[in-house]
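Worksheet: the structure to be examined is printed underneath.
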Amino acid sequence: MGERTEAQGTRAVATGYATKAMGENSFTAGENTQAEGRNSVATGYKTKATGTNAAAFGEGSEAAGAVSFTAGLNNKASGQSSTALGNLSQATGAASFAGGLRTEASGVASTAMGDSTKATGVISTAMGWKTEASGQQSTAIGTLSKASAHSSFAAGNQTEASGDASTAMGMETKATGVISTAMGWKTEASGQQSTAIGTLSKASAHSSFAAGSETEAYSLATGNNTESVGENSFSGGLRSQAIGDSSLAFGVDSKAKGRYAVALGEGSTASGKAATALGENSTAKGNNSFASMGGFAQGNNSLALGSSALALGIAHYQNESKMINAGVSYGGHNKFMTNLGVTWKVGSGNKEEKLEEAYRKGPVTSVYVLEEVVRDLKAENYEQKEQIENLNKEVESLKALVNQLIK
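Per the numbering used here, the very first residue in the sequence shown carries number 60; after that it's consecutive.
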């Protein structure tokens, strides 16, 4: 019916102007519409329904896939059971849905909604403005967000989730590690199973956690401007730092720099392996050093308790057979304590083997060998005496330094 209409299919109906109903049970209406598929419908202006059981409505739209549907302006639904709505939208994947302006759903069972969104991954979803979901089962929502990995999720403004099962939410956040989470503003979680929350926070190591403002964690960091670099380390509080492996820094301006180092309290500092500083402004510098209640301990194995306490020490490793330690401590009220120690091992491995062999040869040989050992010991003792005198001089120098510090 109408002018220049054509109905060639069995039980086909063509109405309007220059329409064509070519498929069996097809129907056309409007102007320059075409229904070529079996049981297809095309209405409007220059619409096409070429797929079986397809339907196209509007202007310039095309339903090419079997059981496909399109409505609006210049849309295209080419995937089987696909749907394209709006303006310039394309649904090319099977069971895909594209709705809005310039949206694209090319993945199987994908969904793209909004303006210029793309859902290219299988079972992916992109919603908002210029969002892109390219990973399998990925989701991107908001503005310029991208979800590119398997099961990734990106929501907000310019967020990016590129690690498998990662989540990025907020503004300009990045979750690049596997099973990582980044939330807030410009946070970044790059370690596997890492979490970064807040502002400018970074979680870089496996299972690391960073929360607050400008925190950086290779383990666990909370607060503002905190930094946790060591493996299994923790920092909490404003500007706190945990640098060594298994280190702990808690409190404002606290710093734990060394493996197993612990700094608790405002302004506390623990530098050295297993160093411990407890309380406000306590400082422990040296391996196994300890300071509390504002004390200052410097040197390996040094100890300072109390706000007026001061401990200084030195440890000299001369060789495999000799270790020298010296220290001086001040506890207030002009009370000093000094210590001096020397540890050495007699003989080397080769000498010990020769000694055992000499014993096996008989008592006379053993006597000669022992005389040689005694001579060596006398020479070492003379050398040790000179070193002890030098250490005593160093101790006196340390005491003088302490007097200057407490004045």
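Heads up, the beta-carbon is just placed ideally off N, CA and C, and yes, glycines get one too.
Remember, it's a predicted structure, so these values are computed and weren't measured experimentally.
| Item | Value |
| --- | --- |
| Between the alpha carbons of ALA234 and THR342, how many angstroms are there, rounded? | 37 Å |
| Assign GLU275 to buried or exposed, taking buried as 16 or more other Cβ atoms, counted over all protein chains shown, within 10 Å of its Cβ. | buried |
| Rank GLY295, GLU455, GLU445, THR198 by C-alpha distance to the C-alpha of ALA168 and give the top, closest one. | THR198 |
| Around the C-beta of GLU121, are 16 or more other C-beta atoms found within 10 angstroms, so that it is buried, or is it exposed? | buried |
| In whole angstroms, what separates the C-alpha of LYS452 from that of VAL237? | 59 Å |
| Determine whether the beta carbon atoms of ASN347 and ALA333 lie at a separation below 7 Å. | yes |
| Helix or strand or just coil, what does DSSP make of TYR319? | coil |
| For a quick check, are the C-beta atoms of PHE212 and THR190 less than 7 Å apart? | no |
| Is it buried or exposed for GLY391, if we count other Cβ within 10 angstroms and need 16 for buried? | Residue placement at GLY391 is flagged as unreliable, the pLDDT there being 49, under the threshold of 50; the coordinate-derived value follows with that caveat. Exposed. |
| Give the secondary structure of LEU436 by DSSP, where H, G and I count as helix, E and B as strand, and everything else as coil. | helix |
| Check the C-beta distance from GLY317 over to GLY331 and give it rounded, since I have them as a contact under 8 Å. | 5 Å |
| Can you list, in chain order, the residues of its chain whose CB lies under 6 Å from that of ALA154, leaving out five sequence neighbours each side? | SER140, ALA168 |
| Identify whether GLN300 lies in helix, strand or coil by the three-state DSSP scheme. | strand |
| Just to confirm the assignment, what range does the beta strand (DSSP E) spanning ALA468 have? | The shown model of the chain, from 60 to 466, leaves out residue 468, and the question about it has no answer. |
| Buried or exposed for MET228, please, with buried defined as at least 16 other CB atoms from any protein chain shown within 10 angstroms of its CB. | buried |
| Kindly identify the DSSP beta-bridge partner or partners of TYR441. | DSSP, once it has assigned bridges, lists no residue as partnering TYR441. |
| Using only the alpha-carbon positions, how far apart do ASN134 and ARG97 sit? | 21 Å |
| Looking at the unbroken beta strand (DSSP E) that takes in TYR104, where does it start and where does it end? | 100-104 |
| Can you name, in chain order, every residue of its own chain whose Cβ lies under 8 Å from the Cβ of ASP174, other than the five neighbours on each side? | GLY159, LEU160, ARG161, THR162, GLY187, TRP188, LYS189 |
| Taking the continuous beta strand (DSSP E) assigned at GLY82, which residues delimit it? | No beta strand (DSSP E) holds GLY82; DSSP gives it neither H nor E. |
| With DSSP collapsed to three states, give me the class of GLN446. | helix |
| Over what stretch of residues does the beta strand (DSSP E) that includes SER141 continue unbroken? | SER141 -> no beta strand (DSSP E), and no H or E assigned at all. |
| If you compare alpha carbons, which of LEU259, TYR441, LYS205 is closest to SER272? | LEU259 |
| If you draw a straight line from the C-alpha of VAL423 to the C-alpha of GLN443, how long is it? | Note that VAL423 scores 45 on pLDDT, short of 50, meaning its location in the model is unreliable; the coordinates nonetheless yield the value given after this. Whole-angstrom Cα-Cα distance: 30 Å. |
| By the three-class DSSP mapping on this structure, what secondary structure does ALA220 have? | strand |
| State the Cα-Cα distance for the pair ALA178 and ALA164, rounded to the nearest angstrom. | 5 Å |
| Closest to ALA88 by C-alpha separation, out of MET81, SER263, HIS265, GLY75, would be which residue? | GLY75 |
| Tell me which same chain residues have a C-beta within less than 6 Å of the C-beta of TYR104, skipping the five on either side of it? | GLY89, GLU90, GLU118 |
| Measuring CA to CA, which of GLY61, ALA115, MET242, SER99 is closest to GLY68? | SER99 |
| Where does GLU459 land, buried or exposed, given buried means 16+ other C-beta within 10 angstroms? | Note that residue 459 is Ala in the sequence shown here, rather than Glu. So ALA459 ends up on the exposed side. |
| Taking the alpha-carbon positions, what's the ALA220 to ALA208 distance? | 7 Å |
| Would the beta-carbon of GLY222 fall within 7 Å of that of GLY201? | no |
| Comparing alpha-carbon positions, which option in HIS265, LYS245, SER266, SER267 lies nearest GLY257? | LYS245 |
| Do the CB positions of ALA71 and ALA80 come within less than 7 Å of each other? | yes |
| What number of angstroms, rounded off, separates the C-alpha of ALA320 from the C-alpha of ALA350? | 12 Å |
| Report the rounded CA-to-CA distance for GLU431 versus LYS437, giving the unit in angstroms. | 10 Å |
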